[in-house]
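First comes the structure, then the notes that go with it.
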Amino acid sequence: MFLTLFWLFLAVCCTPSLSAKTELPALLQTPAAIILSKLNSTAELHCSTTLKPSGLYLKQRYSKPRELLYLSIPDYTTTLSSDFKHRLSVNGECCDFTLSLSELQIEDTDGYYCEWAFIEESIKISYKQAKETVIIVKDGDPDEECNKRRMVHHLLFVISVLITVTMFLICTGLIIWKFWQSSQHYSPHKVPHRHHQPQCQHHRR
5 MFLTLFWLFL AVCCTPSLSA KTELPALLQT PAAIILSKLN STAELHCSTT LKPSGLYLKQ
65 RYSKPRELLY LSIPDYTTTL SSDFKHRLSV NGECCDFTLS LSELQIEDTD GYYCEWAFIE
125 ESIKISYKQA KETVIIVKDG DPDEECNKRR MVHHLLFVIS VLITVTMFLI CTGLIIWKFW
185 QSSQHYSPHK VPHRHHQPQC QHHRR
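Residue numbers (the numbering used here): 5 to 209.
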């Protein structure tokens, strides 16, 4: 028990001194998620670090784990994946970069993360990954689709009401017109009048 406490004491005491000798880089990647409701949209990732790196990678994590970009920090030359050759660009300078992915499709939905390369004192390269950004590409916004359907239903209802009212007015007009036509051709039956001749009265003499 005493030995265990002793080793724990040494570990706690030595940790600050070790961390002081080795400065760990602080990595930052934003945003955590991007949701795009239209195809061919553009997403921007911001990657930065507190130490001077020798290179920057942008990698895809889940559906197609692969390297999309490598940026050599000293000369700022880029190497791009074939299907992102004209859809990925980098802006900024050491050590803060903005990566723009354009013309995104549904199949581009995935997690994207920046990976930094650092050259240590022993000429050994170490790699540090930042927290990923999840990009979701959708073909249309569900709320927008619901609103469109609601508008179509309202429009169809208004059209049906207008058609019903129009048919009612037409039928009423036809009935009135037929009644008027029949009243024009109707003539009441005339009873012939008999002409009564006056009767002469014979006077007696």
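Don't be surprised by glycine CBs; every beta carbon is placed ideally from N, CA and C.
Coarse secondary structure for residue i, derived from DSSP in three states
i, result
"L72", "strand"
"S58", "coil"
"L160", "helix"
"C150", "helix"
"C175", "helix"
"D100", "strand"
Reference residue i, options the options, closest by Cα
i, options, result
"T113", "S86, F122, S45, K182", "S45"
"A47", "L31, V165, S58, V94", "V94"
"Q3", "S85, G59, I179", "Past the boundaries of the shown model lies residue 3; the chain is included only from 5 to 209, so the question cannot be answered."
"D100", "E125, V162, W120", "W120"
Own chain partners of residue i with C-beta closer than 6 Å, once the 5 adjacent residues on each side are dropped
i, result
"H50", "T34, T102"
"S21", "Bear in mind that a pLDDT of 39 at S21, under 50, signals an unreliable position, so the number given afterwards is only what the model happens to contain. Once the five neighbours on either side are set aside, S21 has no close Cβ partner at all."
"K142", "S41"
C-beta atoms of residue i and residue j nearer than 9 Å
i, j, result
"P29", "T53", "yes"
"L62", "Y117", "yes"
"L72", "Q64", "yes"
"A36", "T137", "yes"
"K135", "L31", "yes"
"I39", "I167", "no"
Spatial neighbours of residue i in its chain, beta-carbon cut-off 8 Å, leaving aside the 5 residues before and after
i, result
"S67", "E111, T113, D114"
"G96", "T102"
"T82", "L73, Y74, L75, S76, V94"
"C2", "The question about residue 2 has no answer here: the residues shown for the chain are numbered 5 through 209."
"R70", "K63, Q64, S85"
"E124", "S130"
Near the ligand SAM: residue i beta-carbon under 8 Å from a heavy atom
i, result
"K132", "Looking for the ligand SAM in the displayed structure turns up nothing, as the structure carries no ligands at all."
Presumed contact (8 Å Cβ cut-off) between residue i and residue j, rounded CB distance
i, j, result
"L105", "L92", "6 Å"
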